[in-house]
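Student: Starting off with a structure, shown below.
In the working numbering, the protein residues as written are 28 to 522.
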């Protein structure tokens, strides 16, 4: 006979087990959903910080150009993000991070206009779109600063659309897409889409992808545009220092504010490039620490080394505000590729050496008679190239395993930490590929515009200022001095 009490207890136990299993599944589901929400908010926070860098660029540039071009440069900064949002939605994101396996990792072919048929309409996916859009806007702004004060609005709109909607997204696909031909984010190395050199390029937050892309376009654009009359009074002649009253009186204030805003935004740029925060807190925090050390070291080193290189004026050395600002930015750009895979001492070394890369690049541009208004080319192109190389040298096995994949950390660590050199070789290939791709398209775009007479404003427009001719500003500005005389006394700012 069956014991009624025992049967009842057995039924109760079965019910309790079922209930506990149900609760367990709900907890696991809730935990997974919470992790996804945290990671989504992490991306949104990063997007806000990187987008706020547009404010930094605007401040830096408005403090550098002549005040007769104030409205022009500010309008371009606003449009970098505005136009970028449209083209990134339509084509940019799909080319950059869409499925690229059919093109062997060259170009994405899905996710255009956030098509619901192939775009995973989850919160995290939208957060990724927003984060990557902020990066794209940054790339366009690098160029607008370099070619300021003599580039037509037509030329600006043309290169901005093509850079944000096509040229830059292709580079993103190469370096960051999980199926990109140069990407270290691939989890599997297979015959159809192998890892570049067995490792892929270490470019964690974009020394190459973002900064070199913007820098190469800026170099080609500046070279084809020619120098401003204020810097090259005699056509084909050497570049001269700007008159002491060229930049507005408030220039140093905005330059400094802009630099500090950019530094703050860089914590989103580098730190949030972990793309996740759950289980990645160590990587994110360490990334922000290395970013800080490289920035500070670059600033201090460039301040004093730049002073020594300039020599004495009236028997004493001059500490220039421009050197500390651009030295800081150069250090940030240089550490962006390796920020997650290096130790703090390596960040110090990279920041220190970036000083010499930046200062050498400034001298090179002067020798080549290329006029870069905000010195974006030395900061972004040269320091960006240097940063990709440094990642292949200083990446440690432990940090590589934490930031990328542990199963190939022994081989893909930096040369100084026992790696087989494949990451360094991949970096060199990636650098050359960016120069070739972006350089070729920039020559087509800027060269075509110049041949059509649409690249540079007319001489009288440059003399009067683009605020008046292109934006209807007829009062409030005095014509800037574009004379040929050198400043009698260095005011301490070379920006």
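Every residue gets a Cβ at the ideal spot worked out from N, C-alpha and C, and that includes glycine. A quick note: this is a predicted structure, and the numbers were derived from the prediction, not measured.
Contact between the segment 215-224 and the segment 259-271: three or more CB pairs below 8 angstroms?
Tutor: No, the segment 215-224 is not in contact with the segment 259-271.
Student: Around the Cβ of residue 310, are there at least 16 other Cβ atoms within 10 angstroms (buried) or fewer (exposed)?
Tutor: Residue 310 is buried by the Cβ-count criterion.
Student: Quick one: is residue 128 buried, meaning 16 or more other Cβ sit within 10 Å of its Cβ, or exposed?
Tutor: Exposed: under 16 other Cβ atoms inside 10 Å.
Student: Using three-state DSSP, classify residue 340 as helix, strand or coil.
Tutor: Residue state, collapsed to three classes: strand.
Student: In the DSSP assignment, what residue or residues form a beta bridge with residue 483?
Tutor: Looking at the DSSP assignment, residue 483 forms a beta bridge with 178.
Student: Please name the residue, chosen from 65, 193, 234 and 250, that lies closest to residue 482 on a Cα-to-Cα basis.
Tutor: Residue 250 is the option with its Cα nearest to residue 482.
Student: For residue 486, which residues in the same chain have their Cβ closer than 8 angstroms to its Cβ, ignoring the five residues on either side in sequence?
Tutor: Excluding residues within five positions, the ones whose Cβ falls inside 8 angstroms are 256.
Student: Measuring alpha carbon to alpha carbon, tell me which of 78, 245 and 204 ends up nearest residue 6.
Tutor: With the chain represented from 28 up to 522, any question about residue 6 goes unanswered, as that position is not in the structure.
Student: Among 67, 81 and 349, which has the Cα closest to the Cα of residue 291?
Tutor: Considering only alpha carbons, the answer is 81.
Student: What span of residues does the alpha helix (DSSP H) with residue 168 cover, start to end?
Tutor: First-last of the alpha helix (DSSP H) with residue 168: 150-173.
Student: If you check the beta carbons only, do residue 125 and residue 136 fall under 7 angstroms apart?
Tutor: Taking 7 angstroms as the Cβ cut-off, residue 125 and residue 136 qualify as a contacting pair.
Student: When the Cβ atoms of the segment 329-346 are set against those of the segment 397-410, are three or more pairs found closer than 8 angstroms?
Tutor: Contact fails: fewer than three Cβ-Cβ distances are below 8 angstroms.
Student: Do you know offhand how far residue 68's Cα is from residue 162's?
Tutor: Looking at the two C-alpha atoms, the distance is approximately 17 angstroms.
Student: With three or more beta-carbon pairs closer than 8 angstroms as the criterion, would you say the segment 176-184 touches the segment 218-233?
Tutor: No, the segment 176-184 is not in contact with the segment 218-233.
Student: For residue 460, name the three-state secondary structure that DSSP assigns.
Tutor: In the structure shown, residue 460 sits in a helix (DSSP, three-state: H, G or I).
Student: Can you tell me where the alpha helix (DSSP H) with residue 117 in it begins and where it stops?
Tutor: Segment: none, residue 117 is in no alpha helix (DSSP H) and carries neither H nor E.
Student: Please report the distance separating the alpha-carbon of residue 75 from that of residue 365.
Tutor: The alpha-carbon atoms of residue 75 and residue 365 are separated by roughly 22 angstroms.
Student: Are the Cβ atoms of residue 104 and residue 79 separated by less than 7 angstroms?
Tutor: For residue 104 and residue 79, no; Cβs fall outside 7 angstroms.
Student: Is it the case that the Cβ atoms of residue 123 and residue 71 are separated by a distance below 7 angstroms?
Tutor: Contact: no.
Student: Return the chain-ordered ranges of every alpha helix (DSSP H) run that is complete within the segment 309-381 and spans a minimum of 4 residues.
Tutor: With a minimum length of 4 residues, the continuous alpha helix (DSSP H) runs that stay inside the segment 309-381 are 348-362.
Student: Where residue 359 and residue 325 are concerned, what is the direct C-alpha to C-alpha distance, given to the nearest angstrom?
Tutor: Each residue's alpha carbon lies about 8 angstroms from the other.
Student: Considering only residues of the same chain and omitting the five flanking positions on each side of residue 377, which have a CB-CB separation below 6 angstroms?
Tutor: Closer than 6 angstroms at the Cβ level, and outside the excluded window around residue 377, lie 321, 361, 362 and 417.
Student: Are residue 473 and residue 235 touching if we call contact CB-CB under 7 angstroms?
Tutor: Against a cut-off of 7 angstroms, the Cβ pair of residue 235 and residue 473 comes out as no contact.
Student: Quick one: give me the first and last residue of the alpha helix (DSSP H) that residue 204 is part of.
Tutor: Here residue 204 belongs to no alpha helix (DSSP H), and DSSP marks it neither H nor E.
Student: Would you check if the distance between the CB atom of residue 452 and the CB atom of residue 224 is smaller than 7 angstroms?
Tutor: Yes, Cβ-Cβ distance for residue 452 and residue 224 is below 7 angstroms.
Student: Going by the beta-carbon positions, is the gap between residue 406 and residue 454 smaller than 7 angstroms?
Tutor: The answer is no: Cβ separation not under 7 angstroms.
Student: Our contact map puts residue 108 next to residue 164 with C-beta atoms below 8 angstroms; I'd like the distance itself, whole angstroms only.
Tutor: So it is a contact: roughly 4 angstroms between Cβ atoms.
Student: Could you have a look at residue 92 and say whether DSSP puts it in helix, strand or coil?
Tutor: It is coil, neither helix nor strand.
Student: From residue 246 to residue 167, what distance separates their C-alpha atoms?
Tutor: If you take the alpha carbons of residue 246 and residue 167, they lie about 13 angstroms apart.
Student: According to DSSP, simplified to helix, strand and coil, what is residue 267?
Tutor: Correct three-state label for residue 267: coil.
Student: Let me check understanding here. Comparing Cα to Cα, which of 410, 369, 488 and 242 lies closest to residue 430?
Tutor: Among 410, 369, 488 and 242, the Cα nearest to that of residue 430 belongs to 369.
Student: So is residue 459 buried or exposed if we call it buried at 16+ other beta carbons inside 10 Å?
Tutor: By the neighbour-count rule (16 or more Cβ atoms within 10 Å), residue 459 is not buried but exposed.
Student: Does the segment 440-451 come close enough to the segment 420-430 that 3 or more CB-CB pairs lie under 8 angstroms?
Tutor: They touch, by the three-pair rule.
Student: Note down, in chain order, each residue of its chain lying with its Cβ closer than 7 angstroms to the Cβ of residue 390, except the 5 sequence neighbours on either side.
Tutor: Nothing meets the Cβ criterion.
Student: Output the distance between the C-alpha atoms of residue 450 and residue 410, rounded to the nearest integer angstrom.
Tutor: Roughly 18 angstroms separates the two Cα atoms.
Student: Relative to the C-alpha of residue 488, which residue among 89, 344, 62 and 96 is closest?
Tutor: Here the closest residue by C-alpha is 96.
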